[in-house]
Amino acid sequence: MGLGMCFLLAFCYVCLVCTERSELPQEILQKLAYADIRSISDLQRLLEINTVEDAPSPRRPRSLNVLGGASVNRSHAHRMPRSIAEEAPPSLCKARPVTFEIPRWQVDATSANFLVWPPCVELRRCTGCCNTQNIRCQPSRVRHKHFKVAKIEFVKRRPLLKKAHVKLEEHLECKCGCIPGLRECRGSYGSSSQHCQERGCGTGVR
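Written out as structure tokens, the structure is:
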């Protein structure tokens, strides 16, 4: 068989694989987007799937020679008993305490030669994952907290301490919603609604 024929067959195989692994249907993405999924069983019921198959383990070299001695089967060395594996718990979209750096521009936007103390505070911010990549965990209710911080300057090599006030946003409630830039998802008619559905965000998003 000629080299050209080999390349042609390889190209046809790649095209066949790409065809079989098509993109997820948009109706599936919309169904997943705002569903309350807390386990694989919930996902199975939502998609109306009767059985769940185990994904094949990634292939590894069959053997490894250890210091010139007997070969060790790496697939057995990395294999984990299925009874030990835990079901991955979802990191739900909700407000959690996070470390937030004090914005220096709120203390003094005209100078860079100063220190801020404390440099960080703890605030509740929306974190976690949503069911699809087209939506993101974001705040639905916020409040602003006012903090008093110390600004330390050095004048003639002597420290000068001043007080400054900063206003930071804390998240109280969170939701999964369209990512910034997909504002057309808020439309309910015409091309905006169609484009929104094509991006998998779904209509009626507030």
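Residue numbers for the sequence shown, in mature numbering (1 follows the signal peptide of the UniProt record, and there is no 0): -19 to -1, 1 to 187. From the three backbone atoms N, C-alpha and C, an ideal C-beta is built for every residue, glycine too. In this text the structure is predicted, and so the values were computed from the model without any measurement.
- Assignment of GLN25 by DSSP, reduced to helix, strand and coil, places it in the helix class.
- By the criterion of a C-beta distance shorter than 6 Å, SER22 is surrounded by no residue of its chain, once the five residues flanking it on both sides are discounted.
- Per the DSSP secondary-structure output, LYS156 pairs in a beta bridge with GLN119.
- Between CYS110 and CYS74, the gap from beta carbon to beta carbon is short of 9 Å.
- Rounded to the nearest whole angstrom, the C-alpha separation of GLU67 and LYS156 is 27 Å.
- Classified as buried, ARG105 has 16 or more neighbouring CB atoms from the shown chains inside 10 Å of its CB.
- Using a Cβ-Cβ distance cut-off of 8 Å, the region 24 to 32 and the region 69 to 86 are not in contact, since fewer than three pairs of beta carbons, one from each stretch, lie closer than that value.
- Our two residues, GLU29 and LEU149, have alpha carbons roughly 45 Å apart in a direct line.
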